[in-house]
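The opening position of the sequence shown corresponds to residue 34 in our numbering, with each subsequent residue numbered one higher.
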Amino acid sequence: LNSLEELHIPSQTQEATAAFFQGLSRGTGQLPALHTLHCAHGAESTIGTDGAQSLSALVSGGRVPSLKDLKVELEGIGQEGMQPFAASLNSPHVFALRKLFVEIGQVAPANAAVEVGLFSAAFSSGHLCRLEEL
């Protein structure tokens, strides 16, 4: 998979998406050429908490060093999913990222400030300095 440049994941169940990202993050290799990762958007297309945690491990672990374009829906992931996702955006491994499309979606009012705060904190790290589109 060293030559894989784009990955578009169609609408899948949260469990299937999480299992896919878990498999990638647990492996020993990298996807060094991957520059585009899009998870389908629309009804029932959130990657879920487990998917967010596994995607975060993939990014934080430096497994996708050329990632420039990330599109993902994080609806309903709660603090358990947002915290690792935001931490992955604080990682030096996101230095190549140019486009970031994140749809947070429906967040309970009681959790909105915390989740948005966690996400926003990622922009203070300086690792997203090459970001062109948000």
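Heads up, the beta-carbon is just placed ideally off N, CA and C, and yes, glycines get one too.
Coil, strand or helix - residue i by DSSP
{"i": "residue 107", "result": "coil"}
{"i": "residue 9", "result": "The requested residue 9 does not occur in the structure, where the chain is confined to residues 34 to 167."}
{"i": "residue 165", "result": "coil"}
The beta strand (DSSP E) enclosing residue i, as first and last residue numbers
{"i": "residue 134", "result": "132-136"}
{"i": "residue 40", "result": "39-42"}
Terminal residues of the alpha helix (DSSP H) in which residue i lies
{"i": "residue 151", "result": "142-154"}
8 Å contact criterion, which residue i and residue j should meet: CB distance rounded
{"i": "residue 46", "j": "residue 80", "result": "Not confirmed; about 10 Å, so no contact."}
{"i": "residue 136", "j": "residue 165", "result": "No, residue 136 and residue 165 are not in contact; Cβ-Cβ is about 18 Å, not under 8 Å."}
{"i": "residue 129", "j": "residue 88", "result": "No, residue 129 and residue 88 are not in contact; Cβ-Cβ is about 16 Å, not under 8 Å."}
{"i": "residue 139", "j": "residue 117", "result": "Contact flag wrong, Cβ pair sits at about 20 Å."}
- prompt: How do the segment 144-160 and the segment 89-101 stand: do at least 3 beta-carbon pairs fall below 8 Å, yes or no?
  reply: no
4 or more residues per run - each alpha helix (DSSP H) lying fully within the segment 46-86: 47-59
message: For the pair the segment 38-47 and the segment 58-69, tell me if three or more CB-CB distances fall below 8 Å.
response: yes
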